[in-house]
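Student: Quick one: structure below, then a few questions.
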Amino acid sequence: MSESLGLLDWLDERYVTANRAVLDPLWQWRRRVYGAPFLTYLVVALIGSVVALLLVAHVPATTSVAAVAVAGRLPLRPPRPHRHFRLGAVSCRRLIPGCPEASRGQP
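Encoded structure:
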């Protein structure tokens, strides 16, 4: 009775069998189609990482490794700020005529 008369084992086995019947062919196809490009990108990324680490290791002592790491993490384009910050209307939205909140009368 602790196993609900064997129902849980049967449901679990049925779910696994049905799941495998549907997903195994899909996974095999994806491995065949996407496997080689993934491995190629993996090798290119690994080589690029090794080259970058070797370059950082040979940087002159005048440049700190932290400065190089920070420069490597900078985005190419900074994210856009929220529109209230762009308009400069964080606390005084009613003062800006073009602000949509001005017509709604929000403080």
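Numbering (the working numbering), first residue to last: 170 to 276. Even glycine gets a Cβ: it sits at the ideal position worked out from N, Cα and C.
Could you check the C-alpha separation between residue 195 and residue 186 for me, to the nearest Å?
Tutor: Here residue 195 is taken as the residue at index 26 of the sequence shown, counted from 1. Here residue 186 is taken as the residue at index 17 of the sequence shown, counted from 1. Whole-angstrom Cα-Cα distance: 15 Å.
Student: Can you give me the start and stop residues for the alpha helix (DSSP H) that residue 174 sits inside?
Tutor: By one-based count along the sequence shown, residue 174 stands at place 5. Neither: residue 174 is in no alpha helix (DSSP H) and is coded neither H nor E.
Student: Do you know offhand how far residue 213's Cα is from residue 220's?
Tutor: One-based indexing of the sequence shown puts residue 213 at position 44. One-based indexing of the sequence shown puts residue 220 at position 51. Cα-Cα distance, rounded: 11 Å.
Student: Can you give me the C-alpha to C-alpha distance between residue 211 and residue 179, rounded to a whole angstrom?
Tutor: For the purposes of this step, residue 211 is taken as residue 42 along the sequence shown, with counting starting at 1. For the purposes of this step, residue 179 is taken as residue 10 along the sequence shown, with counting starting at 1. Distance between the alpha carbons of residue 211 and residue 179 is about 41 Å.
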